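I have placed the structure first, in the form of structure tokens, so that the comments after it can refer back to it.
Listed below in structure tokens is the structure:
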């Protein structure tokens, strides 16, 4: 139970804190190695880092009490949801108290009339969607992983439906947040808009636990569309696929999802998910509309745009089973790529650029892959200008990790040159802090000022996003 | 040129500051009384308050230089756009330097491919819309007044199209901001989404010049819809009109605008704008679609919803002229009401509630109007849950202002009880600071902490939103 080398607290303080935590939570505060190991990492290649103690609070009040203990002994606090983040957000790199919020999994309120819901931070995306059964409403933000809604808010997550329904940022109305000193605040509100004071809600969304702990989230819901349709279209060229999307967005064609997969990714999911897609650059489309005719209008327009850009015929997925199978395959893209090399680790990039730059950015990135020794696939939420390269690294060739890091760095710098961002949806964690100055310039100092004002002790998920150490 | 009673700077400091400002700007820094008077108020009943000096900077660099002078002599700075705010946002209640940003009126960049544009803060909404002619794109956020885009970002403005296109908050991608110490930062970026660090853009949007001065705004644009249609529908009851909107939103009917006017408002605009609308509670609808059929589907659904709620037949406005006339009349609602009493002053409320509460909130508010001695009309962006009561106060009866204040207070408290906000779109200014604690509780202290961190001298539009004095 000795604090790690970069921790600033003493063993004595830690012991006292653990004793206070166990008094508060009983067995829900644990120093068991298995729990500490389980909570030492997300789904990424970043070096695991064990917290000293893992707590499972059951309420905002308990989170508040834990933060007071953290303050008393100056022990860091790391919020933990489903552990699906990929930039080292949950790794306890300075040791401390990991707050596993999954026991806070109550859906507190669903209002069908107002199309909103309030949930505890540990409720997962699929849990909420299931609870909305028979309401006519659903929650669309969909990062693939079954993340917790607190985690999604914390990392400003998005996913396949963002092109139509926005990221979590556009879908969070209000938050309950516990501050570094244990005070509980409520930000935002249930009105659809407000001009009443500073927008704290959106300051906490994406702050990755570095300014406070999100314990409740009020979310916008959307009506389930009357009609949906799903199509697959293969393209002669990668550029043709991407340019189809650019034009579709510019024409205002109402796409609910538009996902790009390069030929290598198609090959990988064919194998993993037992599909028989043509091995070419491919788009998966989903249309949402008031009725079938509405959708047909959109699809017809899009088919003619695609045809001008080397697109083949649309292949329609009509049964619910076929649609689900296709989207499941898309969500399993990561696992499909991972399976290319037994025992591989996967480094995943996440740049996002203005859509006019997207074809050029993906093309250059794809060319750059000719220079690396590892296999890689490309998938993308192309309607948003966002794509991922999944680099499959063989542990038998440890130099590949360094090689992949350099590739990732080149990808980020390319996106920044094209007025893009180093992360569309995965967040900063510890992995991308080095790019924040390049991307934000002096605005980074303002982020630092805010961090200092709200977390003067640098106890809230230290070493992530903006670090005061 | 003696500083006002609540100012903290000395006459000597002010003189030195004015001298520095004139050295920097020449005649564009003026102490002329006419200019000071012109800049002493927005469009509201709040007591005018003259700045000591008015500056007309031409660039971000000049704004930065002015803020350094403000810092040197500890003189407040008040940003001023079109002067159309209604909660006292621009009144120089502690004296100081008013920054009139209207000379910063360059449209810096329009990207048709990316559907975005960057403008200087002094560009007005209609100037931008005009510049977008022949691009196939437009800018939809529409507060009625021809506000500057910097002012709209600063006050988190919205308007008639928010139900479909969002408020300015959802349409600002990036900002250039000059901080209290004169440093210039760029927040956000041109990628459609990003998870890279704290969301400073949305912290400055709605901060009303109290954290920094917005000098450039990057905005999302939208394709002009292929087909639009406008209809008017009168209702037997106020509640029927509002319930029609609630159901339409719940069904996901794609409304681009839905504006409510009570019978008194209809009467006022009939007179002012020479219309012949039936004097009943009324909704104005606008539909946007890919084609006429698409719109007809929506309109048919909506007509049947309306019919179940005391709605009469839709009256369609088909010519461009008739459409424009109707929306101009809606935008002139304020002037129409104002004209009811010669020489009147108008106090306008601005609450916003969850839509399930809207019918009850408007009904109760309307009943409350039976208790007051002044005439009043009600208009609302009802798709968002937002409505305004326009109280027409006769200067010949000065007690009406106090009466109207009490009415406004009751309206706000009613909205807060219904989980609403004290301001949907007009902002806080000096007029609504008293409600922030009721609405936000301890979160107000976090706003204060942020204000203190970014503006430790309390020089940025002091006495508005969050005041450190």
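Protein chains in written order, with the numbering used here: chain A, -3 to 465; chain B, -3 to 465. All C-beta atoms, glycine included, are put in the ideal place defined by N, C-alpha and C. Fair warning: this is a prediction, and the values are worked out from it, not measured in the lab.
Can you give me the start and stop residues for the alpha helix (DSSP H) that residue i sits inside?
| i | result |
| --- | --- |
| residue 51/B | Unbroken run through residue 51/B is the beta strand (DSSP E), 49 to 51; no alpha helix (DSSP H). |
| residue 301/A | 288 to 303 |
| residue 5/B | No alpha helix (DSSP H) contains residue 5/B, which DSSP labels as neither H nor E. |
| residue 159/A | 158 to 161 |
| residue 265/B | 259 to 269 |
| residue 334/B | 329 to 334 |
| residue 88/A | Element bounds for residue 88/A: n/a, residue is neither H nor E. |
| residue 436/A | 429 to 436 |
| residue 70/A | Element bounds for residue 70/A: n/a, residue is neither H nor E. |
| residue 362/A | 354 to 364 |
Residue i to residue j, Cα distance in whole Å?
| i | j | result |
| --- | --- | --- |
| residue 25/A | residue 18/A | 5 angstroms |
| residue 286/B | residue 248/A | 8 angstroms |
| residue 382/A | residue 306/A | 22 angstroms |
| residue 279/B | residue 136/A | 30 angstroms |
| residue 43/B | residue 101/B | 29 angstroms |
| residue 431/A | residue 156/A | 25 angstroms |
| residue 149/A | residue 171/A | 9 angstroms |
| residue 351/A | residue 380/A | 7 angstroms |
| residue 16/B | residue 151/B | 30 angstroms |
| residue 238/A | residue 465/A | 42 angstroms |
| residue 164/B | residue 154/B | 6 angstroms |
| residue 67/A | residue 74/A | 13 angstroms |
| residue 439/B | residue 179/A | 10 angstroms |
| residue 277/A | residue 184/B | 31 angstroms |
| residue 138/A | residue 121/A | 8 angstroms |
On the three-state DSSP scale, how would you describe residue i?
| i | result |
| --- | --- |
| residue 458/B | coil |
| residue 448/B | helix |
| residue 486/B | An answer regarding residue 486/B cannot be provided, because it is not within the stretch -3 to 465 covered by chain B. |
| residue 370/B | coil |
| residue 58/A | helix |
| residue 166/B | helix |
| residue 149/A | helix |
| residue 0/A | In this predicted model, residue 0/A has a pLDDT of only 46, less than 50, meaning its place in the structure is not dependable enough to derive any value. |
| residue 341/A | strand |
| residue 236/B | helix |
| residue 25/B | strand |
| residue 172/A | strand |
Can you pull the DSSP bridge partners for residue i?
| i | result |
| --- | --- |
| residue 253/A | 282/A |
| residue 200/B | Answer is none; residue 200/B lacks a bridge partner. |
| residue 312/B | 227/B |
| residue 219/A | 133/A |
| residue 348/A | 382/A, 417/A |
| residue 118/B | Looking at the DSSP assignment, residue 118/B forms no beta bridge with any residue, so it has no partner. |
| residue 317/A | Answer is none; residue 317/A lacks a bridge partner. |
| residue 76/B | 96/B |
| residue 112/B | 107/B, 216/B |
| residue 389/A | 341/A |
Could you please give the first and the last residue of the uninterrupted beta strand (DSSP E) stretch that includes residue i?
| i | result |
| --- | --- |
| residue 96/A | 93 to 96 |
| residue 179/B | Note, residue 179/B: premise wrong, no beta strand (DSSP E); not H, not E. |
| residue 211/B | 209 to 216 |
| residue 105/B | 103 to 107 |
For the stretch 247 to 264 of chain B, which residues have a CB atom closer than 9 angstroms to at least one CB atom of chain A, in sequence order? 247, 248, 249, 250
Chain A contacts from the stretch 83 to 111 of chain B (Cβ-Cβ distance under 8 angstroms): 107, 108, 109, 110, 111
What residues in the stretch 168 to 190 of chain B have a beta carbon less than 8 angstroms from any beta carbon of chain A? 175, 179, 180, 181, 182, 183, 185, 186, 187, 188, 189, 190
Members of the stretch 290 to 312 of chain B that neighbour chain A once the beta carbon cut-off is set at 9 angstroms: 290, 293, 294, 297
Note down, in chain order, all residues in the stretch 140 to 168 of chain B with a beta-carbon under 9 angstroms from any beta-carbon belonging to chain A. 151, 152, 153, 154, 158, 159, 162, 163, 165, 166
Proximal residues, the stretch 435 to 446 of chain A versus chain B, C-beta separation under 9 angstroms: 435, 436, 437, 438, 439, 440, 441, 442, 443, 445, 446
Give, in chain order, every residue of the stretch 346 to 365 of chain B whose Cβ lies closer than 9 angstroms to some Cβ of chain A. 346, 347, 348, 349, 350, 351, 352, 353
Give, in chain order, every residue of the stretch 193 to 220 of chain A whose Cβ lies closer than 7 angstroms to some Cβ of chain B. 193, 194, 195, 196, 198, 199, 201, 202, 203, 219
Mind listing which residues of the stretch 374 to 385 of chain B have their C-beta closer than 7 angstroms to chain A's C-betas, in chain order? 380, 381, 382
If contact means a Cβ-Cβ distance below 8 angstroms, which residues of the stretch 23 to 54 of chain A contact chain B? none
For the stretch 421 to 434 of chain B, which residues have a CB atom closer than 8 angstroms to at least one CB atom of chain A, in sequence order? 421, 422, 423, 424, 428, 431, 432
Chain B contacts from the stretch 448 to 463 of chain A (Cβ-Cβ distance under 9 angstroms): 448, 449, 450, 461, 462
Closer than 7 angstroms, Cβ to any Cβ of chain B: which residues of the stretch 398 to 419 of chain A, in chain order? 415, 416, 417, 418, 419
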